[in-house]
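Going line by line, the protein sequences match chains A and B. With full-length UniProt numbering applied, the first sequence has no gaps in its numbers, which climb one by one up to 419 at the end. With full-length UniProt numbering applied, the second sequence has no gaps in its numbers, which climb one by one up to 419 at the end. Note that CB positions come from ideal geometry on N, CA and C, so glycine has one too. All remarks here apply to the structure that follows.
Protein chains: 2
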Amino acid sequence: MNNMETAWKLTNGGIAAPRGFYAAGVQAGIKYKDKYDVALIFSDIQAQAAAVYTKNVVKAHPLYLTQRHLENGLARAIVVNSGNANACVGEFGDQAAYSMAEVAGMFLAVQPEDVLVASTGVIGVEMPLDRVLNGIRVASSQLLNDVVKGIRGRKEEADEGAHRAALAIMTTDTMVKEYAYELPCSQGGSIHLGAIAKGSGMIHPNMGTMLGFLTTDAFLPAEELQNILREAVDESFNMVTVDGDTSTNDMVVMMANGASGITLSEEDHSNFVKMVKSMCIRLAKDIARDGEGASKLMEVYVSGANTKDDARKIARSVCGSSLVKAALFGADANWGRILTAAGYSGAEFDPNKVDVYLGSLSVAQGGKGVSFSEEKAKEILELKEVQISLNLHSGEDRATAWGCDLTHEYVTINGSYRT
Amino acid sequence: MNNMETAWKLTNGGIAAPRGFYAAGVQAGIKYKDKYDVALIFSDIQAQAAAVYTKNVVKAHPLYLTQRHLENGLARAIVVNSGNANACVGEFGDQAAYSMAEVAGMFLAVQPEDVLVASTGVIGVEMPLDRVLNGIRVASSQLLNDVVKGIRGRKEEADEGAHRAALAIMTTDTMVKEYAYELPCSQGGSIHLGAIAKGSGMIHPNMGTMLGFLTTDAFLPAEELQNILREAVDESFNMVTVDGDTSTNDMVVMMANGASGITLSEEDHSNFVKMVKSMCIRLAKDIARDGEGASKLMEVYVSGANTKDDARKIARSVCGSSLVKAALFGADANWGRILTAAGYSGAEFDPNKVDVYLGSLSVAQGGKGVSFSEEKAKEILELKEVQISLNLHSGEDRATAWGCDLTHEYVTINGSYRT
């Protein structure tokens, strides 16, 4: 929603755009026919890696495995399945997650400890492990074919695999979420950033069921990568809410393999950090826009807060309010619900100072309604992207959160997800 | 949902069942035609009074007034309107709330400071004060007629006014919520407890838009009344969630006028405290059952928690989960969502110890799914009242919360509430 000039530009190749990265996606038949459901992401050299996990006390089995395998900050591959969360199934789940890493490692000729695992789908049901492992075998073989093409200088032919990987991580998503950026560096040459994500249901601050994977051919030590990723996630994925449910399975993983051979100047580094944040925000907005049953994207911008934390709380509270979401669906300029949601966010502020805007239309000043054109308000609320702004007039801190409207479709999807 | 023998029994008369209390409800035309929207509750002698308010930072104008008028712990009347929340309208709102108290006081011949005020309805729009005040005038005159009947020993003829008061506080409620209990006392005679409430949308722990009014002819000093009410509200209204939105307007007010002339024995007192809690739970369940668009009541019982606070957090989190609510609507035995909602509640517990039940059907043991009859589960989930239990197997604390399913109807109602 801003048109700022950026140092980087969009490019092709998705998650496999960075040098040395390959990806594949196959139809393993885990839950449905004709749906991609197993993905592989692979670096042909050792990569630094970092991850951010769900804060849910109940964590899916693959998360524990990935945490363990990331203790040394290194990884070669990520294997992902959709259709089954591999969560809450006891020992079977730990073993299944390990088998996924083991089999991927075997076919890709890397150590199981260098393979990270992610799953998404229904909770509490044992995964059909045979199908998953068979899917990994097929995906590996496709991916290795691409590696051979890459060695022969025809890596762009491998783009199809990257796209299929993006498809394979989707559940109730309706749009594929894959992007690649290219950042020209100050000493010549360029580095790349690839990313895929899935969202849809159960999306809430602290990463309701969402998965995000980022790859880059820049070199950054794992610890630094972790900080960059954590900060980017805090301003993006952690500011998205679809239905307030935080999932057991969510994680964002980033791999940096240094295959560009470029040493980042201070300026490059600063641009890189911004690029990662921009990518995460782009994916986060896609996730909100594509929330289950959503018909529009809501962006809530809070300024004038006393603390960053207050600004974040208010932005997320407004985005998460069922009443605001339903009013948005009905294009009803019910700004009282916006102020109310700010009021129960847990943030401290003076309600008598708050200004509220729908797009650029002022609807409340100093905590009090002003007369405005209902027609104009309706026009704004009927857009596909609706901006709501609150100025607290207290301090200097600000935050942005993203969400979507609450629709009949959401109820339909979630009334019958499992069966 | 339990059939425990109680010391008290249901009786007639609603909010006006206790001696010395009268009520009235009229159609003032605040928002809709042919809808009761102004209510009066009146004690013919001075009463001790207590109240619990919303925790929302944004509070409606009448709440400030009621807080001020309750500083001395005394009240004679409560005036309530629906159709307009008298919230977020600046100075006009404070003046309007005071005018309501002043006019009610004038017609009922009591000090304005002895009148409490409550409002519910749309936020941010100035109320049509003329209509509201005229409604108060008409209601006062009806009520005084009932007082005359009461003086002549025909108080039961005044029941109609109590029922109309119950109607007048409703907004999108579909069922009237009014009850009266009679408690025989150990020295002979009996005391009464009357109550009305409204709920429906915006119901969430810490009292999303809900109003509750209780009257009794027992005598209890204001301070003690406050403690009894606070405790009852914590276990009832504060354990209800419809849509997670906490309103600007909510309050529960209780008046005790001592008109029974009975001095409570220790046993009577203990029964009285239980009776108040029981009444509040009954109203809270009605509110959940009658949540906007709800088709069924959900009761979540958490046991084996380390602390009361953990038990409460988990019970409310499960009740508030959009995914659990939608699964309930679809009668889908998706117990993974129950465990997930417990996991993000903020409570500490070991997920590998948790047992989950739907009704009496075990669906997970030790945090892991067990095989169960889908048919039996569907039967349970299709009931009008669905019980979900979690045993954490960690400590001795427990809590119960109430909620409802998430339906298409909810979206429809809230997509077009204001317009």
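- Boundaries of the beta strand (DSSP E) around N391(B): 385-391.
- Sequence-distant Cβ neighbours of I30(B) in its own chain, meaning closer than 8 angstroms and more than five residues away, are D37, V38, N81, S82, G83, N84, G121, M127, P128, R131, V132, G135.
- Taking V273(B) as the centre and dropping the five residues before and after it, the same chain places the C-beta of I228 closer than 7 angstroms to its C-beta, in chain order.
- Of the residues P351(B), M255(B), L381(B), the one whose Cα lies closest to the Cα of K296(B) is L381(B).
- Sequence-ordered contacts of the region 315-341 of chain B with chain A read G320, S321, S322, L323, V324, K325, A326, A327, L328, F329, G330, A331, D332, A333, N334, W335, G336, R337, L339, T340, A341 [C-beta pairs closer than 9 angstroms].
- For the 8 angstroms CB-CB criterion, A315(B) and C404(B) do not form a contact.
- Of all C-beta pairs linking the region 162-171 of chain A to the region 271-285 of chain A, fewer than three are shorter than 8 angstroms, placing the two stretches out of contact.
- P128(A) is outside the set of residues whose beta carbon lies under 8 angstroms from a beta carbon in chain B.
- The beta carbons of F42(B) and L143(B) sit about 6 angstroms from each other, so the pair counts as a contact at 8 angstroms.
- The three-state secondary structure of I191(B), taken from DSSP, is strand.
- By the criterion of a C-beta distance shorter than 6 angstroms, V138(B) is surrounded in its chain by V26, once the five residues flanking it on both sides are discounted.
- The beta carbons of T215(B) and G293(B) sit no closer together than 8 angstroms.
- Going by beta carbons, E299(B) and Q187(B) fall outside the 8 angstroms limit.
- Secondary structure note for N271(B): its alpha helix (DSSP H) is the uninterrupted segment 266-289.
- Bounds of any beta strand (DSSP E) do not take in Y36(A), whose DSSP letter is neither H nor E.
- Taking C-beta atoms as the reference points, W8(A) and M255(A) fail to come closer than 8 angstroms.
- Boundaries of the beta strand (DSSP E) harbouring Y22(A): 21-26, taken from the DSSP string.
- Nearest Cα to A109(A) within the set A166(A), D44(A), N56(A), G93(A): D44(A).
- Beta bridge pairing from DSSP links T216(A) with L193(A), A256(A).
- Residues of the same chain with a CB within less than 6 angstroms of the CB of P351(A), apart from the 5 flanking positions on each side, are G367 in chain order.
- Between the region 308-327 of chain A and the region 356-375 of chain A there are fewer than three inter-stretch CB-CB distances shorter than 8 angstroms, so the stretches are not counted as touching.
- The DSSP-derived three-state label of N134(A) is helix.
- Under the three-state reduction of DSSP output, M175(B) falls in the coil class, being neither helix nor strand.
- Assigned with DSSP and collapsed to three states, M239(A) falls in helix.
- For W402(B), the enclosing beta strand (DSSP E) starts and ends at 397-404.
- At a Cβ-Cβ threshold of 8 angstroms, A47(B) and R19(B) do not count as neighbours.
- The beta carbon of R312(A) lies closer than 6 angstroms to those of A399 in the same chain, with the five residues before and after it left out.
- Closest in alpha carbon position to C280(A), among V233(A), S260(A), S321(A), is V233(A).
- When secondary structure is reduced to three states using DSSP, T412(A) falls in the helix class.
- Straight through space, the alpha carbons of I262(B) and I78(B) are spaced by roughly 24 angstroms.
- Burial check for Y32(A): the Cβ neighbour count within 10 Å stays below 16, so the residue is exposed.
- According to DSSP, residue pairing for V122(A) in a beta bridge involves N84(A).
- In terms of beta-carbon proximity, P62(A) stays away from the interface with chain B, with every pair separated by 8 angstroms or more.
- Any Cβ of chain A closer than 8 angstroms to the Cβ of A364(B) would place that residue at the interface, and such an atom is present.
- If the five residues before and after Q111(B) are omitted, its C-beta is found closer than 7 angstroms to the C-beta atoms of G105, all from its own chain and listed in chain order.
- For the 8 angstroms CB-CB criterion, V58(A) and L339(B) form a contact.
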